[in-house]
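Here's the structure, in structure tokens; my notes come after.
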Amino acid sequence: MRRRWSERWFGWLLRLFPVEFRGDFGAEMAADLRDQEAEAAQKGASLLRLRARTFVDVLRRAPAEHLDVFRRDAGHAWRMFWRRPAFALTVVLTLAGGIGLATAAFAVVSGVLLRDLPVPNSDRIVRLFEVESTEPDELRPTSSANFLEWRERTRTIDGLAISSPSFGTLLSATGEPERVTCLLVTEQFFDVLGVRPIMGRAFTVDEYREGTMLAMAPAGPGVVILSHNLWRTRFGASPDVIGETVRLAGGFGGGSRDLEIVGVMPSGVEEPEIARASVDCWFPGLPNTRSRSRHAQALGRLAPGITAEDAQAEFDVIGLTLAEARPEDNEGWSVRVVRPLDYFLREVRTPLWLLGAGAFCVLVAGALNVVGLLLIQTSGRRMELTTRMALGATRARVTRQLLTEGALFSSIGGLVGVGIAYWIVPVLVRLAPPSVPRLDQVAVDGRAVGFAVLAAIVAGSGSALVACTSFLRSTSTAARSVRFNTRTHNRRLRQVLAMVQVGIAVLLVVTSGLLLRTVQALGSVTLGFDPQNVLIVGADPNLPSISAATTFQRSFAAQVRRLPGVIAAGTGPTPFAGVLGTVVSTTRGNSGEQMEVDPVTTGYMAALRIRPTQGRLFTAADELGVTRVAVVSDAAARHFWPESDPVGRSIFLGRGEEATVIGVAADVRRDGLVGEFQPVVYVLQSQTSNLAITTLMIRTEGDPEALVPSVKAVLQQLDQNVAVTVHGTLQQAVDAELAPRPFLLRLVGLFSVAVLGLTMLGLYGLLAEWVAQRVPEIGVRMALGATRRRVTRLVLSQAVWMVGIGLALGLGAAYLLRDVMANLVYGVPTSDRVTYVAAAAGVALAALIACVLPARRAASVDPVVALREE
Amino acid sequence: MSESDMSVPDRPLSPAAFHILLALAEGPTHGYAVMRRVRGQSDGRVPLQTGSFYWHLTRLLEEGTVAEAPQQPGADSRRGSRYRLTARGRQVLGRELVFLERLLVTHRGLVLAARKDQA
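Just so you know, the sequences run in chain order L and F. Quick note on the working numbering: the first sequence kicks off at 353 and runs consecutively. Quick note on the working numbering: the second sequence kicks off at 510 and runs consecutively.
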């Protein structure tokens, strides 16, 4: 009994060895162990010790033996590889192409989408926005007053802070004046983010108390914290900056003043994911109870154990309470709790996932082709493999051999694929539209290489496994039934593969088609302005008051206008640079509604070629005149006076400034290329006191960028402390707005072509083999009077139903997935029949082309030759 | 690799391989006896367990230094194969022994000193 147990124990242990090793030595080893045990028992030595030693010994040797078998299999696979170089290269390159493309796409997706916020415990941080019921998708900032109410009421959020951005100009003895982005932050801002200065200190409670939350308010305490980036670039990462003084013009408070540097933040805190654009420095701010305009970005840290959904539930209630408590401000508004990255990446998420999915489709289509190729190859090697099995190789042994071959293909394919990805990623990054954030973090890093390894294993070994299983099943059935043909079995699987490929191809072609129609539609979008030959230059004079700034702007514009080659110049908002709401109404004292109010100078509309549709636009006389005047856009005119003529009417802006409407201007794209035109009210910069726009639009006769040096020279003459920012041309701004869709179209189009090519190859291979096997049968048919036409039709009929099912699969999938595309497609419904039909027709045509060659080969069979061979 | 392939790789033998070849130089025998001879001739300093022994044996078989010996008539059929040293194996073992001998001769002084220490 005991002996039997010990033998069984050793038998189990021996299973750790490869099957051949066990076959060769298993019985001997068991016998040896028995002898050893007998001897030990005779000598009275410890049996346990012997067994323990044997156990450890087997554990040590078995893996080495496996490695050895693998080495032998790999050597065999390598020789097989070189025996059929064309086959092997096709497989490896198909895999490498798919893996390379998918890895590159993954690197982009992971670099942009799958990276955490660059601060500690980033998963606890949320942003809070307000949403007006009329525009449920527009996430808007909050007001200081509401923020204070939130902070009072919330239990789900531990720390809550708001911030408000502004721009300033850093002046110093060394270097040019530099435009910097400043952020006013309230007391818990840095605690919410969980960051501490790497040098110096954070703001003190007293400093926060002396602060303000208004960009144009008088100076608060003269302290500033630098971003890591600004500290590095502007202060040479000097350890002595704490306590130093910098001079900042503008920013908060107007004019210029000296600030004491009290701290430097670690890198990451300045990133645009957190507040807004990249931040250069922070100022202490104090929320103002009376401030009801929505300008503050709220940031909170979830309390322990609380999810964002819990917080949302609580803030739903808080929103309702506040709407009841102060309906004049909060009627119709609710609060939205959003993860910072969801907000930051909202524009790029769908396009990038689409890019990734497209690349993945190419990988899958490639892998399907590889399965097909391997199936052909294993049935070609039937002789070799069955002989080996007849000579005693077990199924496990053959499986291992075939899988090792698959592993060889996938490792070479993966290696080449990573190389391809290294090469593609910079191209993708360069082609990507500038609106995609975090592109600098995109690289073929460890994660991407890991993905490539996984893709290689799944695609390479997976296809080898499918091919191998199919082969083994065919050998077992063939043993039972003589008439069963391996090829029949393989072919059915390959037909399914071809169908799936056709389906993927249709899906991608439909997507490309929808994108193509979108790009066409966007190309003919009415901008409302003429983007050609316009240079955009930002100049921040940072003068103590808006009137001084306006005077500066006027003389700057006047001098620029005098430059040779300049047709018109004026300050005003840059299209697509974002919009700001101001309350506008047609009756005094009415609460009115948020609308875009743009201060411009007289040259602005001429520079952009915005047309008047009624009345007139601003003239130089208006600048000097006492009456406040306004021009409204078509959309605004339709909104306020749908029935009557707006010219001569009064309009009330912000805190009750009255203006007379002198004309109506054509609608202009201000905030994106698609959707309804936003209503806009234009006022003269010289007649407004609460906002200054300092961007100059210059229309030129020739190349606008050639004008940059002379514009800089003009500015230098006017004021040496002004930082100039050339924002490029208006055409570039329009292109940047357009860019995402053509970019996607180009890539998805490329993927479609790749998948289509692979599908054609797959179909071609399948039919060509079918024809090759049926040469005798075709010969008989032709001898019995079948025409060439009939034979051609016979071959094509083999493909028709496969392609048909594939088309149905692809169109069905495209229809089911249509919502994914909803945000990307414009000017055409996502279920557009024309696109679907055209895509199906295109794929069908490509499939037909792939089938024509085998069909012609079949039709050209000479019955005499075919029958003689038989 | 066949026995007639006379090119002998010029690399040192591992202690286990050396002792297996040495044990088989006494004459063909089966696995367990080889293990016992190894333990005996190395004063138990090369403890060869079953798994390790066959692991080394596979490599020696592959290299062609060891081969299966014909079964002796009337031998215990339960016992597996008997193994023998091939000509090539003899050559490899011989070279290793010559090498050891040369070491002993050139470092005679050290050997004498060590012997004196042990005494």
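Cβ coordinates follow ideal geometry from the N, Cα and C atoms, glycine included.
(request) Just the C-alpha distance for Ala1198 of chain L and Phe541 of chain L, rounded to the nearest angstrom, thanks. (result) 59 Å
(request) Identify, in the order they occur along the chain, each residue of the same chain with its Cβ nearer than 6 Å to the Cβ of Pro556 of chain F, setting aside the five sequence neighbours on each side. (result) No residues qualify anywhere along the chain.
(message) Distance check for Arg733 of chain L and Leu570 of chain F, CA to CA, integer angstroms please.
(response) Taking C-alpha positions only, Leu570 of chain F is separated from Arg733 of chain L by approximately 30 Å.
(message) I'd like the span of the alpha helix (DSSP H) that includes Gln966 of chain L, first residue to last.
(response) Gln966 of chain L -> not in any alpha helix (DSSP H); beta strand (DSSP E) instead, spanning Pro964 to Gly967.
(message) Buried or exposed for Pro329 of chain L, going by 16 or more other Cβ atoms inside 10 Å?
(response) The requested residue 329 of chain L does not occur in the structure, where chain L is confined to residues 353 to 1222.
(request) Give every residue of the same chain whose Cβ lies closer than 7 Å to the Cβ of Gly560 of chain F, excluding the five residues on either side of it in the sequence, and list them in chain order. (result) Contacts found: none.
(request) Would you list the residues sitting across from Glu612 of chain L in a DSSP beta bridge? (result) In the DSSP secondary-structure assignment, Glu612 of chain L is bridged to L:Val575 and L:Thr597.
(message) In this structure, how does DSSP classify Ser511 of chain F when only helix, strand and coil are distinguished?
(response) Residue confidence for Ser511 of chain F is low, a pLDDT of 44 falling below 50, so the modelled location carries little weight and cannot support an answer.
(message) Between the alpha carbons of Gln1069 of chain L and Ala1075 of chain L, how many angstroms are there, rounded?
(response) 13 Å
(request) Give the single residue among L:Val700, L:Pro549 and L:Gly574 whose Cα lies nearest to the Cα of Arg561 of chain L. (result) L:Gly574
(request) For Gln647 of chain F, return the contacting residues in chain L, with the cut-off set at a CB-CB distance below 7 Å. (result) As displayed, chain F neither begins before 510 nor continues past 628, which places residue 647 of chain F out of reach and without an answer.
(request) Determine contact between the segment 1127-1138 of chain L and the segment 1188-1198 of chain L, defined as no fewer than three beta-carbon pairs at a distance below 8 Å. (result) Put simply, the segment 1127-1138 of chain L does not touch the segment 1188-1198 of chain L. Fewer than three CB pairs are less than 8 Å apart.
(message) Counting only Cβ pairs nearer than 9 Å, list the residues of chain L close to Thr567 of chain F.
(response) Phe373, Asp376, Phe377, Glu417 and Asp420
(request) Take His647 of chain L and list the residues in its own chain whose beta-carbon comes closer than 6 Å to its own, dropping the five residues that flank it on each side. (result) Pro493 and Ser516
(request) Express the C-alpha separation of Pro521 of chain F and Ser398 of chain L in angstroms, rounding to a whole number. (result) 35 Å
(request) Apply the 10 Å Cβ neighbour rule to Glu528 of chain L and answer buried if 16 or more other Cβ atoms are within range, or exposed otherwise. (result) exposed
(message) Looking at chain F, is there any beta carbon in it that lies within less than 8 Å of the beta carbon of Leu385 of chain L?
(response) yes
(request) Work out the CA separation of Gly452 of chain L and Leu612 of chain F for me, nearest whole Å. (result) 57 Å
(request) Whole angstroms is fine: what's the gap from Ala316 of chain L's alpha carbon to Val443 of chain L's? (result) In the structure as shown, chain L begins at 353 and stops at 1222. Residue 316 of chain L is therefore absent and cannot be evaluated.
(message) Could you check whether the Cβ of Tyr541 of chain F sits closer than 8 Å to any Cβ belonging to chain L?
(response) yes
(request) Go ahead and pull the three-state DSSP assignment for His565 of chain F. (result) Helix.
(request) Would you check if the segment 680-694 of chain L and the segment 1082-1098 of chain L touch, i.e. whether three or more CB-CB distances between them fall below 8 Å? (result) These segments do not touch.
(request) Using a Cβ cut-off of 8 Å (strictly closer), state whether Arg782 of chain L contacts chain F. (result) No, because no Cβ of chain F sits closer than 8 Å to the Cβ of Arg782 of chain L.
(message) Within the continuous beta strand (DSSP E) that includes Gln649 of chain L, where are the two ends?
(response) Gln649 to Leu654
(message) Cβ closer than 7 Å: which chain F residues qualify as neighbours of Arg413 of chain L?
(response) Annotation: Cβ neighbours of Arg413 of chain L in chain F (cutoff 7 Å, chain order): Gly560, Ser561 and Trp564.
(request) Flag this pair as touching only if the segment 882-891 of chain L and the segment 1021-1032 of chain L have three or more C-beta atom pairs under 8 Å; answer yes or no. (result) They do not touch, by the three-pair rule.
(message) Along the chain, where does the beta strand (DSSP E) containing Leu638 of chain L start, and where does it finish?
(response) Run containing Leu638 of chain L: none; DSSP gives neither H nor E here.
(message) By the three-class DSSP mapping on this structure, what secondary structure does Leu1005 of chain L have?
(response) strand
(message) What would DSSP say about Thr702 of chain L, mapped onto helix, strand or coil?
(response) Correct three-state label for Thr702 of chain L: helix.
(request) With DSSP collapsed to three states, give me the class of Ala623 of chain F. (result) helix
(request) Please say whether Val544 of chain L and Leu651 of chain L have beta carbons closer to each other than 8 Å? (result) yes
(message) Considering Cα atoms alone, identify which of L:Ile577, L:Val547, L:Gly708 and L:Glu391 is closest to Val614 of chain L.
(response) When C-alpha distances from Val614 of chain L are compared across L:Ile577, L:Val547, L:Gly708 and L:Glu391, the shortest belongs to L:Ile577.
(message) Using only the alpha-carbon positions, how far apart do Phe836 of chain L and Phe823 of chain L sit?
(response) Since pLDDT at Phe836 of chain L reaches only 44, below the 50 mark, its modelled position is unreliable, and the value read off the structure follows with that caveat. Going by the C-alpha atoms only, they are around 13 Å apart.
(request) Would you tell me roughly how many angstroms separate the C-alpha atoms of Glu610 of chain F and Val620 of chain F, rounded to the nearest one? (result) Taking C-alpha positions only, Glu610 of chain F is separated from Val620 of chain F by approximately 12 Å.
(message) List, in chain order, every chain L residue whose beta-carbon is nearer than 8 Å to that of Ser590 of chain F.
(response) Glu380
(request) For the alpha helix (DSSP H) containing His1079 of chain L, list its first residue and its last residue. (result) Segment Ala1075 to Thr1081 is the beta strand (DSSP E) holding His1079 of chain L; no alpha helix (DSSP H) there.
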